[in-house]
C-alpha cells in the first residue's frame, strides 16, 4: 500500500486535521481497518482518533481516493462526528457460537 496525501488542512475550530489521500494497492481492496491503521501510523497518531469518511475506487484501477479526519482528543471526535461514522470505525463484536 502506497499513500499519497493530496491535502492536509488544520481545522482549529473543530480541533482536527482534515486529510485527502490517494492509496495505490496490489490485489484486493484493503479493508477500512487496515487503511485506518496504516494512515494513523504514518501520521504518528492513535488510530482511535482517526475517522475515515469517504473511500472511492475506480473500476479497473488499483487506486482508492479517500478522506480522513484526525482529532486532537476523543471528546472533540464524539461531539463532532456522526454516530454512524463512529460506529463504522469500531471493531466488530465477536459473536458467540
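Numbering (UniProt numbering), first residue to last: 1 to 97. We put the CB at the ideal spot given by N, CA and C, even for glycine. Keep in mind the model is a prediction, meaning the values are calculated, not measured.
Neighbourhood of residue i by C-beta distance below 7 Å, restricted to the same chain and skipping five residues each side
i	result
residue 1	23, 25, 30, 38
residue 62	24, 25, 26
residue 80	14
Beta-carbon contacts of residue i that lie in its chain and below 6 Å, excluding the five residues immediately before and after
i	result
residue 54	66, 67
Burial state of residue i, where buried means 16 or more other Cβ atoms lie within 10 Å
i	result
residue 58	exposed
residue 56	exposed
residue 52	buried
residue 5	exposed
residue 7	exposed
Distance CB(residue i)-CB(residue j) smaller than 8 Å
i	j	result
residue 88	residue 17	no
residue 71	residue 49	yes
Per DSSP, the bridge partner or partners of residue i
i	result
residue 5	21
residue 58	Looking at the DSSP assignment, residue 58 forms no beta bridge with any residue, so it has no partner.
residue 88	None, per the DSSP bridge assignment.
residue 37	DSSP output for residue 37 lists no bridge partner at all.
residue 68	19, 52
residue 10	17
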